[in-house]
Amino acid sequence: VSDVEEAGTVTITPSGVPRVGDRLTAALDDPDGGVRGTTWRWSSKPAGGGYTDIAAGTGASYTVRPVDAGKVLRATAAYDDGEGTGKTAGGSANAVPANTAPTVAGDAEPPEFAEGGSGVVADYTATDDTTAVGDLEWSLGGGDA
Numbered sequence: 011v012s013d014v015e016e017a018g019t020v021t022i023t024p025s026g027v028p029r030v031g032d033r034l035t036a037a038l039d040d041p042d043g044g045v046r047g048t049t050w051r052w053s054s055k056p057a058g059g060g061y062t063d064i065a066a067g068t069g070a071s072y073t074v075r076p077v078d079a080g081k082v083l084r085a086t087a088a089y090d091d092g093e094g095t096g097k098t099a100g101g102s103a104n105a106v107p108a109n110t111a112p113t114v115a116g117d118a119e120p121p122e123f124a125e126g127g128s129g130v131v132a133d134y135t136a137t138d139d140t141t142a143v144g145d146l147e148w149s150l151g152g153g154d155a
């Protein structure tokens, strides 16, 4: 009976669609056991393109950056195991969705102000798919303010 070389696998968590700011973690599993000397490399690939190494992607974890939007991320492990040296295994995350500009919805007419500069009459809501949007603030100046 002889032991057969079995390929390692890389799993990236959390699963699902990564968003800008998410921390992804790669884990290596090799059925041969005895994994040692593991180094990591993260890379990204735009639609229809090839993978390019990410300069800051050299650990088992990687935080998704705005520049990764619209790209697939991959983690590759280089390691030795109980069956030999110079092994590699990789795993890919789902594509990071492209960030869209925040949207503002509200009254179609411009806000009106009561005499004396008080009493704003308008409601607006800002939403964004990847980042919480804070308060909206307007200021007026000039002769009509």
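Per this note's numbering, the sequence shown runs over residues 11 to 155.
Note that CB positions come from ideal geometry on N, CA and C, so glycine has one too.
Keep in mind that this is a model prediction, so the values were computed, not measured.
Classification of residue i by the beta-carbon crowding that lies within 10 angstroms, buried from 16 upward
i	result
D39	exposed
D91	buried
G96	exposed
P28	buried
A57	exposed
A37	exposed
V106	buried
Contacting residues, own chain, Cβ-Cβ under 6 Å from residue i (five flanking each side not counted)
i	result
A115	T135
E93	E15 and D42
T23	T35
A88	T49 and T98
W52	I64, G67, Y72 and A85
Residue span of the beta strand (DSSP E) that contains residue i, given as start and end
i	result
D90	K81 to D91
A99	G94 to S102
A115	T113 to G116
Y72	S71 to T73
Backbone CA spacing between residue i and residue j [nearest angstrom]
i	j	result
G101	A108	21 Å
S54	R46	25 Å
Y72	I64	10 Å
V74	T19	22 Å
R84	T48	16 Å
A79	P112	15 Å
D32	G44	31 Å
A103	G59	16 Å
T62	V82	11 Å
Residues near residue i in its chain [Cβ-Cβ closer than 8 Å; skip 5 each side]
i	result
V30	V74, R75, P76, D78, A79, V106, N109, T140 and T141
G26	N104
T21	A36, A37, D39 and G101
**Q.** Entirely enclosed beta strand (DSSP E) segments - the stretch 11-45, minimum 3 residues
**A.** 19-23 and 33-39
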